[in-house]
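A quick write-up on the structure given underneath.
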Amino acid sequence: MVRIARLTAVLLLALLFLAGIAVSQTDPGVQSASRGTGAALSTVQSDDHPGILAFFNDGLARFQVVETVASGLGPRFNMNSCSSCHAQPAVGGSGAATNPEFAAISNGTVSGSTNTVPTFLTATGPTVEARFPYYFNSNGTVNFNSPNGGVEDLFTVSGLSGASSCSLQQPSFATAQQEGNVIFRIPTPTFGAGLLENLDDSTLLANQATNLKNHFGVSGAFNHNGNDGTIARFGWKAQNKSLHIFSGEAYNVEMGISNLLFTQDRPLPGEDGGGGSGQTGLVSGCLNLTGNGYPEDSSNPGQTSAPAVLDDVSAFANFMRGLAPPPTGGVILNGQAVSQTSLNNGSSQFSSIGCATCHNPTVGTTQASNFTGSLNKASVPAYSDLEIHHMGSGLADNVSQGGAGGDQFRTAPLWGLGQRIFLLHDGRTTSLITAIEDHGGHGSEASTVKSNYDALSTSNKQDLLNFLRSL
Amino acid sequence: MRWISLAALFLLVFVLRTASQNTPKNGGDFAGSPPANLPPGSKVPKNVILIKGAWSSASDSTTPVPDGGRVEDGFFRDDYFRISYPVPRGLTETYQGPPPSESGRYVLAQLGVPDTFKGENPGHILVTADDLFFTPFPVKDVLQLTAYEKDNLQTDYKIELPPTQTKIAGQPFTFYAYWSPAAELHWYVLSTEIRCHALEFVMTSRNTKILQNWVIEMSNMSLPVETTLTGNATAGDFPVCIKDYADGENVLNRVDPVFSEHRFNPVPVRIIIDKTGTIKHVHFLSAFPDQEKAITEAFKQWKFKPYVIAGKPVEVETGIMFGRAAHPLQPAVNTAVE
Numbered sequence: 001m002v003r004i005a006r007l008t009a010v011l012l013l014a015l016l017f018l019a020g021i022a023v024s025q026t027d028p029g030v031q032s033a034s035r036g037t038g039a040a041l042s043t044v045q046s047d048d049h050p051g052i053l054a055f056f057n058d059g060l061a062r063f064q065v066v067e068t069v070a071s072g073l074g075p076r077f078n079m080n081s082c083s084s085c086h087a088q089p090a091v092g093g094s095g096a097a098t099n100p101e102f103a104a105i106s107n108g109t110v111s112g113s114t115n116t117v118p119t120f121l122t123a124t125g126p127t128v129e130a131r132f133p134y135y136f137n138s139n140g141t142v143n144f145n146s147p148n149g150g151v152e153d154l155f156t157v158s159g160l161s162g163a164s165s166c167s168l169q170q171p172s173f174a175t176a177q178q179e180g181n182v183i184f185r186i187p188t189p190t191f192g193a194g195l196l197e198n199l200d201d202s203t204l205l206a207n208q209a210t211n212l213k214n215h216f217g218v219s220g221a222f223n224h225n226g227n228d229g230t231i232a233r234f235g236w237k238a239q240n241k242s243l244h245i246f247s248g249e250a251y252n253v254e255m256g257i258s259n260l261l262f263t264q265d266r267p268l269p270g271e272d273g274g275g276g277s278g279q280t281g282l283v284s285g286c287l288n289l290t291g292n293g294y295p296e297d298s299s300n301p302g303q304t305s306a307p308a309v310l311d312d313v314s315a316f317a318n319f320m321r322g323l324a325p326p327p328t329g330g331v332i333l334n335g336q337a338v339s340q341t342s343l344n345n346g347s348s349q350f351s352s353i354g355c356a357t358c359h360n361p362t363v364g365t366t367q368a369s370n371f372t373g374s375l376n377k378a379s380v381p382a383y384s385d386l387e388i389h390h391m392g393s394g395l396a397d398n399v400s401q402g403g404a405g406g407d408q409f410r411t412a413p414l415w416g417l418g419q420r421i422f423l424l425h426d427g428r429t430t431s432l433i434t435a436i437e438d439h440g441g442h443g444s445e446a447s448t449v450k451s452n453y454d455a456l457s458t459s460n461k462q463d464l465l466n467f468l469r470s471l
Numbered sequence: 001m002r003w004i005s006l007a008a009l010f011l012l013v014f015v016l017r018t019a020s021q022n023t024p025k026n027g028g029d030f031a032g033s034p035p036a037n038l039p040p041g042s043k044v045p046k047n048v049i050l051i052k053g054a055w056s057s058a059s060d061s062t063t064p065v066p067d068g069g070r071v072e073d074g075f076f077r078d079d080y081f082r083i084s085y086p087v088p089r090g091l092t093e094t095y096q097g098p099p100p101s102e103s104g105r106y107v108l109a110q111l112g113v114p115d116t117f118k119g120e121n122p123g124h125i126l127v128t129a130d131d132l133f134f135t136p137f138p139v140k141d142v143l144q145l146t147a148y149e150k151d152n153l154q155t156d157y158k159i160e161l162p163p164t165q166t167k168i169a170g171q172p173f174t175f176y177a178y179w180s181p182a183a184e185l186h187w188y189v190l191s192t193e194i195r196c197h198a199l200e201f202v203m204t205s206r207n208t209k210i211l212q213n214w215v216i217e218m219s220n221m222s223l224p225v226e227t228t229l230t231g232n233a234t235a236g237d238f239p240v241c242i243k244d245y246a247d248g249e250n251v252l253n254r255v256d257p258v259f260s261e262h263r264f265n266p267v268p269v270r271i272i273i274d275k276t277g278t279i280k281h282v283h284f285l286s287a288f289p290d291q292e293k294a295i296t297e298a299f300k301q302w303k304f305k306p307y308v309i310a311g312k313p314v315e316v317e318t319g320i321m322f323g324r325a326a327h328p329l330q331p332a333v334n335t336a337v338e
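Sequence order for the protein chains is R and L. End of the first sequence sits at 471 in the numbering used here; the numbers just go up one at a time, nothing left out. End of the second sequence sits at 338 in the numbering used here; the numbers just go up one at a time, nothing left out.
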């Protein structure tokens, strides 16, 4: 009798499981088949402006160079190579499945005698930078009258070869975690970035006005460059104007290397006197560690070959500018190839329920380009309007950058989404479904679109997920 | 099958036209709720927006503002518009909306089922207001706005009911409907105009019967007598709303604000001018604190010519755009509303 009851229970559970499969949708997950992502634009490959391929390849090589104290690394930094963080699914992308920051001590990137690995880093978690929304008071409590928001580099060069007497403490991440005063950002992929850079402001403004006509409660704004007032467009809050600025800032902030755009070694937000710390900058023992003066990266006019003249920041920018957009591709779901019909229907769902209002699949046509033909009058299927939108309290990171407030984020371009591992600005999830659901929240412009998604039939939801993983 | 659905929609319009009007109700005061000042030693709270960019604010907390609506006791009430809308059974406020946009759009209410809901999703209702002083669309009133929307519907949608004039709770509305064959979702859009704002009730569902019921239940809402479709109502006791009243000879004294920081955002501001020509209330739809301060200081010196109707001065409400203006669109092609 007991056996029959057990058997019945097992059968019932199996039935429920099968029913669950039939009535719920599944994220197809990261698509592992090669789509050719990471290649140069076609006209860069054909070297339409003779020498441009050499510039691209030079930038690609420098993007992967592992920096040392002798080449300018630090004194504070997150990682020692651009490609450490911009790695998935190819050089130039977002964070990889294995987090190099977690292995920083074990692989000798930093000294274990002077650094510890912050506990928020895990071996297979997202590669992140950390920011403290507020400064701390001297007694360790949060100073809510003093917003911070700058990057708190994870590591120091102290104890590394060439660091000499430079002795720096890491920020107090344990305290920040305990007080809830730390947020994270994952690397933004850079494929197709040259196309985004070459969109004229008028194209973006026209899109904005057109897309305001929606029944989803979506509005949107732009972040503007403080120098010339034009639309900024790179970074999670669209805080960076150009790929040069993006590269220069990252070289300085993420790797601690001064350059032609950011000409000094960067202290932490509190080390420069911010938040009433009383400090006046990095200690002298940590300055000019290369012994060659500043900036540590500059152009090299003494060199003879053209690419070698460039500073690294320009080379990085050239590389990213020449990167082709990530190609779309087929989708595998539960071991089976998804039909084109499903992908087409998913695309229609994406548009019908309002995703495309912000994740604009056709941002427009680029302006004329003197860089390479592929950037000249080219369409930009980025799935982004490059606007910043209120995403509500659930996603807010309480960091203000330029005109973007604590809950405003640039519409993340969705091209390449099929091969992205970590999703949303802080990599909080690897599930596409969770990422969609997290678009709804108090104060979010995307709540009604999320409700539209919830109202779809299961099969339409599945087609939408399939479509997203084809990007 | 399709003509039956169409006939039902037209029948719905007829039913609405003959429905009775409820007595308008006046609500209480709007009280702004800025972020709480956290006591020393507090941890940073989760899921709270503490660091704001350009945001909305008002010169006082007693004069109602459009974004002061709330859902309570089964009603959505907004004292600025003096509307009281009974939330359909089974729905609740899912999420509060974002702050007003720099183009003058408000998300007043989002009504649906909670995330924990199990079963067939009935759909949801979005209530918005577009400030017709600041909209980038080339429209003057809600009739033109509805026509513009319909004419510019993206190709994913098919019209089920063209814009049609009707009455809700005795007040004029336009009603149109469309659907997405791919998503199998239907949208019913009911619009009217109050205080130079286009109010829209956008109902979305896969089930048209549910939508029809929701539309019929709208007859139980209360609306002010100033509700109109063309912005011409002046019979009630709202301030008279006049676009561009702060231009030209109406302004006897004007001092431009001096901004301490060079920013690039549009700053839409609504003001109420009292019977003597002095600004009595300011509502910043979207402004940084330093911009708000500079404009407030400048407004203290502004003086208007009193607006007179039938020999008596009346209060005027108007809008002023500081900073970068929104991107204008080309004029719409006129489409008749049935």
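Ideal placement from N, C-alpha and C gives every residue a C-beta, glycine not left out.
- Here L:Arg206 is buried. Its C-beta has 16 or more other C-beta atoms within 10 Å.
- The three-state secondary structure of L:Lys312, taken from DSSP, is strand.
- Close CB contacts of R:Ala96 within its chain, under the 8 angstroms cut and outside five residues either way in sequence, are with Ala87, Gln88, Thr127, Ile421 (chain order).
- DSSP places R:Arg62 within a helical segment (H, G or I) once states are collapsed to three.
- Scanning the region 159 to 191 of chain R for uninterrupted alpha helix (DSSP H) segments of 4 residues or longer gives 173 to 178, listed from N- to C-terminal end.
- Closer than 8 angstroms at the C-beta level to chain L, one finds these residues of the region 451 to 467 of chain R: Ser451, Asn452, Asp454, Ala455, Leu456, Ser457, Asn460.
- Scanning chain R for C-beta atoms nearer than 8 angstroms to the C-beta of L:Val258 yields nothing, as the closest lies near 18 angstroms away.
- The bridge partners DSSP lists for R:Glu152 are R:Ala130.
- At least one CB of chain R lies nearer than 7 angstroms to the CB of L:Ile51.
- Residue environment for L:Glu297: exposed (fewer than 16 other C-beta atoms within 10 angstroms of its C-beta).
- Among the bridge pairs identified by DSSP, L:Asp130 is matched with L:Arg105, L:Ala198.
- The beta carbon of R:Ala356 lies closer than 7 angstroms to those of Phe350 in the same chain, with the five residues before and after it left out.
- Contact of L:Tyr95 with chain R is assigned, a C-beta pair being separated by under 7 angstroms.
- L:Pro66 and L:Pro99 have their alpha carbons spaced roughly 11 angstroms apart.
- For the pair R:Ser94 and R:Pro187, the Cα-to-Cα distance works out to about 5 angstroms.
- In this structure, L:Ser222 sits near L:Ser84, with a CB-CB distance shorter than 7 angstroms.
- Between L:Ser286 and L:Glu72, the CB-CB gap reaches or exceeds 7 angstroms.
- Residue environment analysis places L:Lys300 among the exposed positions, since fewer than 16 neighbouring C-beta atoms fall within 10 angstroms of its C-beta.
- For L:Ala182, the nearest CB of chain R lies under 7 angstroms from its own CB, placing it at the interface with that chain.
- When C-beta atoms of the region 234 to 249 of chain L are compared with those of the region 313 to 321 of chain L, three or more pairs fall below 8 angstroms, so the two segments count as touching.
- In the structure shown, the three-state DSSP call for L:Thr62 is coil.
- In the three-state reduction of the DSSP assignment, R:Phe319 falls in the helix class.
- At a cut-off of 7 angstroms between beta-carbon atoms, L:Gln165 makes no contact with chain R.
- Residue range 279 to 287 is occupied by the beta strand (DSSP E) that includes L:Lys280, with no alpha helix (DSSP H) assigned at that position.
- The residue from R:Gly402, R:Leu414, R:Ser374, R:Asp407 with its alpha-carbon nearest to that of R:Tyr383 is R:Leu414.
- Here R:Ser451 has Gly440 as same chain residues with Cβ atoms under 8 angstroms from its own Cβ, once five neighbours each way along the sequence are excluded.
- When DSSP reads this structure, L:Gln171 sits in a beta bridge with L:Ile168.
- The Cβ-Cβ distance between R:Gly74 and R:Asn99 does not fall below 7 angstroms.
- Under a criterion of Cβ atoms nearer than 7 angstroms, the residues of chain R adjacent to L:Asp156 are, in order, Ser348, Ser351, Ser352.
- CA-to-CA, the gap between R:Ser71 and R:Thr37 works out to about 30 angstroms.
- Following the DSSP letters along the chain, one finds R:Ser81 in no alpha helix (DSSP H), marked with neither H nor E.
- When DSSP states are grouped into helix, strand and coil, R:Gln264 belongs to the coil group.
- Excluding five sequence positions before and after R:Leu343, the CB atoms of its chain that fall closer than 8 angstroms to its own CB belong to Val331, Asp463, Asn466, Phe467, Ser470, given in chain order.
- In the structure shown, R:Gln349 falls within a helical segment according to DSSP collapsed to helix, strand and coil.
- The Cβ neighbour count for R:Val117, taken over all protein chains shown within 10 Å, is at least 16; the residue is labelled buried.
- The beta carbon of R:Pro189 sits closer than 6 angstroms to those of Gly93, Ser94, Gly416, all from its chain and outside the five residues before and after it, given in chain order.
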